[in-house]
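In the working numbering, the protein residues as written are 2 to 307.
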Amino acid sequence: EGWAGSKPSTLVAAAVLYFNYPWNLWSFGQKRVAVIPVDIVSKFILRKAFDNRITTSAGCLSNGCGKNVNEPSGCSSFLGSEYHAIYNAVWDWKSPDCSMFTWCDYTDSSIQMGSLCGHYSRFTACVTHFCISHLLPSLNLSLEAFTFVHKITVKVPFALLLRTLEVIMPRRAKSLKSLAPFLDLPLLFYHFNNSEFYFKSDLVAPSTFDGKRYAVCCSAAAEWFVNTIELMKIKSRKGDRVKLHQNITYLKQSTQILSSSSSQSEHVIAPSVIFAGRDHIPMSSDLWWAMTQPMGNIFVRILGYI
């Protein structure tokens, strides 16, 4: 189901930004995400690059090619004596529905992941989930309108907060300032979040590929990147030895591979996100966790804490 690589991909970067600053404004609806694992794309590119069996006819869905959509995928043209072909490295539109996931599915997995790992409170998760998954998509805003709303609700308050922190908390302001160039990411995502894309390609997702599980994998990859960045920041500062030890332990648990016996060829990969059990690193107190549950009166919450 893909690999994260050394840097976040475009899709994973959205969750990374959300974990670091959940009050940014997104608009995630029920549109399907046009995404494909990068390792599958890499294999597809290599196969096409070294495949000598080039067909003489190719077409694509784009009107600019002037081809019939029933022809094989890709756009082709003859330049001199050379043959050039362009292929769509994306899941075909006929792929089974179970292999796809929507932006709402990705939002749910990312918000739950961030809340479980202590990046923000459950209250923040509930408020932002309502805004970006229900309220904004229902308004059907144009890009210009969304840009204006984003400026008023995000960029202007962020600038004021940054000015204030530069006076009273310079170190925190420096950390927050690094997020400023990425605040416009929801604007770049807007067309992709609110449109359906149907590609014709040679790549048809197998029925065993679970799209929602892949969305969770992307959220887990984002969590790993956030912890890696946090570890680098802690290493650059003196002190804070306890938090440094916690992050190192977490990263070791995230990347640990348990080899089975020599007679077995399979390997068991340790879970990348530990949210319970003996090895879990709590990000908030048990009392706060009990008091922020979505259901139950005060007596139930106190009993849960005990």
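Where is the CB? At the ideal position from N, CA and C, for every residue including glycine.
Rounded to whole angstroms, what is the Cα-Cα separation between F200 and V150?
Between F200 and V150, the C-alpha separation is close to 32 Å.
Take the Cβ of L189 as the centre, count every other Cβ of all protein chains shown within 10 Å, and call the residue buried at 16 or more, exposed below.
exposed
Is DSSP giving A206 helix, strand or coil here?
coil
Report the option in K8, H130 and N141 whose CA atom is closest to the CA atom of P23.
It is H130.
Report the rounded CA-to-CA distance for I41 versus L288, giving the unit in angstroms.
45 Å
Using C-beta distances below 7 Å, list every residue in its chain close to S196, excluding the 5 sequence neighbours before and after it, in chain order.
Result list for S196: K32, in chain order.
According to DSSP, is I37 part of a helix, a strand, or is it coil?
coil
Between which residues of its own chain and M170 is the CB-CB distance below 7 Å, once the five residues before and five after are set aside?
none
Under 8 Å by Cβ, that's how I've got V13 and D93 pegged, so tell me the actual separation to the nearest angstrom.
Between the beta-carbon of V13 and that of D93 there is about 23 Å, and that puts the pair past the 8 Å contact cut.
Quick check: the stretch 136 to 151 against the stretch 110 to 124, are at least 3 beta-carbon pairs closer than 8 Å?
no
Could you spell out the range, first to last residue, of the alpha helix (DSSP H) harbouring G297?
Counting along the chain, G297 falls outside any alpha helix (DSSP H), and DSSP gives it neither H nor E.
Please report how far the alpha carbon of A15 lies from the alpha carbon of K44, in whole angstroms.
25 Å
Please classify I87: does DSSP put it in a helix, a strand, or coil?
In the structure shown, I87 sits in a strand (DSSP, three-state: E or B).
Mind checking which residues open and close the alpha helix (DSSP H) that includes K175?
In the DSSP assignment, K175 falls within the alpha helix (DSSP H) that extends over P171 to K178.
Measuring only the C-alpha atoms, how far is Y215 from Y19?
Straight-line Cα distance between these residues: approximately 18 Å.
Using three-state DSSP, classify A16 as helix, strand or coil.
A16 sits in a helix when the DSSP states are folded into three classes.
Nearest to W27 by CA position, among Y107, G305, F51 and D52, is which residue?
Y107
Let me make sure I understand the geometry here. Which of L162, I87 and A222 has the alpha-carbon closest to that of L180?
It is L162 whose Cα lies nearest to the Cα of L180.
Can you tell me where the alpha helix (DSSP H) holding N194 begins and where it ends?
L186 to N194
Report all residues from its chain with a CB closer than 7 Å to the CB of K95; omit the five preceding and five following residues, and keep chain order.
Once the five neighbours on either side are set aside, the close Cβ partners of K95 are V205.
Between W104 and chain B, is the shortest Cβ-Cβ distance under 7 Å, so that the two count as touching?
Given the protein chain composition of this structure (a single chain), no chain B is represented.
Can you give me the start and stop residues for the alpha helix (DSSP H) that G115 sits inside?
W104 to L117
Which word fits I112, buried or exposed, when buried means at least 16 other C-beta atoms lie within 10 angstroms of its C-beta?
Classification for I112: buried.
As a quick exercise: from K152, C127 and H135, pick the residue whose alpha carbon is nearest that of W104.
H135
What are the boundary residues of the alpha helix (DSSP H) that A146 is part of?
Membership of A146 in the alpha helix (DSSP H) is indicated by the continuous run L144 to H151.
Between S100 and G30, how many whole angstroms is the CB-CB distance? I'm expecting something under 8 Å.
The Cβ separation is near 20 Å, so there is no contact.
Whole-angstrom Cβ separation of I46 and A90, contact assumed at under 8 Å?
So it is a contact: roughly 7 Å between Cβ atoms.
Where does D52 sit, in a helix, a strand or coil, going by DSSP?
coil
Taking the alpha helix (DSSP H) that H130 falls in, what are its first and last residues?
R123 to F131
What span of residues does the alpha helix (DSSP H) with L137 cover, start to end?
L137 to L140
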